[in-house]
Amino acid sequence: MAITLEAKKREDLRTSNTKAIRLAGEVPAIIYGYQVDPKTVAVNSLELLKTVRDEGKNAIISLQVDGDSVDVMLHEYQTDPLKDELVHADFYAVNMKEELDVQVPVVLNGEAIGVKEGGVLQQPLYELALRAKPKDIPEQITIEVAGLNVGDSILVSDLKEGKNYEIMEDEGTTIVSILVPDEEPAEEPEAAEESEEPEAAADTEEDKNEE
């Protein structure tokens, strides 16, 4: 089910008006894509951030623009690095009957047995490439890792694909593994003592020559 978000038409594109929109707590945006002529709009910045935080970046948003409803996804957004605020957003109008290629976050659940025994968890892949219709895109892919021992790993081929989406990653790609911890052998005291003996012997020979 799409999340509803109100949007206002934005026809005055002057810089002064754009600044006023941001000061009012809104973010200027553009809508484009399937059967939609590009439109400039403004949406409430906090509501948009809350939607993405709660529903994920691939959430289907039903934008309400002057009585019209457009199903969109947040395609891209820009932030002010100093103020940590949204400054612009791009909404892509989607065809709900056609599949899309998206990146979905991978979330690990549980504490691996191997980690408890001193192993190191490594996660090379944080997102999975999927192909699905908009309404079938999962918010995240959860992987249970509690049963992993040192030396174990989970590959893309180990995942059971959902009925409504297709995993596009190479089957041999590692998602998570438990590595053997690195151990550096400590220097043995005997070796250190032996390294000092030749110097002592050399000093003795020099003393004899001086005499």
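Counting in the UniProt record's numbering, the sequence shown tops out at residue 211, every number present.
The beta-carbon is built from N, C-alpha and C at its ideal position, and this holds for glycine as well.
Computed from a predicted structure; not experimentally measured.
Item, Value
"Those residues which DSSP pairs with residue 73 across a bridge", "92"
"Cβ shell of residue 33 (< 6 Å), same chain only, five flanking positions each side left out", "92 and 93"
"Simplified DSSP assignment, three categories, for residue 114", "helix"
"Buried/exposed call for residue 81, threshold 16 Cβ in 10 Å", "exposed"
"Same chain only: Cβ atoms within 7 Å of residue 251, ignoring 5 sequence neighbours per side", "Lying before the first or after the last residue shown, residue 251 is absent from the chain, which here runs from 1 to 211."
"Beta carbon of residue 221 nearer than 7 Å to that of residue 125", "Here the chain covers residues 1 to 211 and nothing more, so residue 221 does not appear."
"Where residue 116 falls, given that 16 or more other Cβ within 10 Å makes a residue buried", "exposed"
"Nearest to residue 120 (by Cα), restricted to the options 46, 10, 56 and 177", "177"
"Where the beta strand (DSSP E) containing residue 41 begins and where it ends", "36–44"
"Exposure label - residue 185; buried when at least 16 CB within 10 Å", "Any reading at residue 185 must be qualified, since the residue scores a pLDDT of 46, below 50, and its modelled position is unreliable; no value is offered."
"Residue 21: first and last residue of the uninterrupted alpha helix (DSSP H) it sits in", "15–23"
"Residue environment, residue 202, which counts as buried when at least 16 other CB atoms sit within 10 Å", "Residue placement at residue 202 is flagged as unreliable, the pLDDT there being 48, under the threshold of 50; the coordinate-derived value follows with that caveat. Exposed is the call here."
"Residue 143 to residue 20 span [Cα, whole Å]", "45 Å"
"Contact set for residue 153: own chain, Cβ-Cβ below 6 Å, skip 5 residues either direction", "174 and 177"
"For residue 139, the nearest candidate out of 103, 151 and 159 (CA to CA)", "103"
"Which of helix, strand or coil DSSP assigns to residue 186", "The predicted position of residue 186 is uncertain, since its pLDDT is 49 and thus under 50; no value can be drawn from it."
"C-alpha distance - residue 132 paired with residue 150, whole-angstrom precision", "34 Å"
"Which of helix, strand or coil DSSP assigns to residue 131", "strand"
"Backbone secondary structure at residue 150 - three-state DSSP", "coil"
"Residue closest to residue 158, alpha-carbon to alpha-carbon, out of 170, 52 and 165", "170"
"Extent of the continuous beta strand (DSSP E) run through residue 101", "100–109"
"Cβ pair residue 63, residue 7 closer than 7 Å", "yes"
"Residue 16 classed as buried or exposed, judged by whether at least 16 other C-beta atoms fall within 10 angstroms", "exposed"
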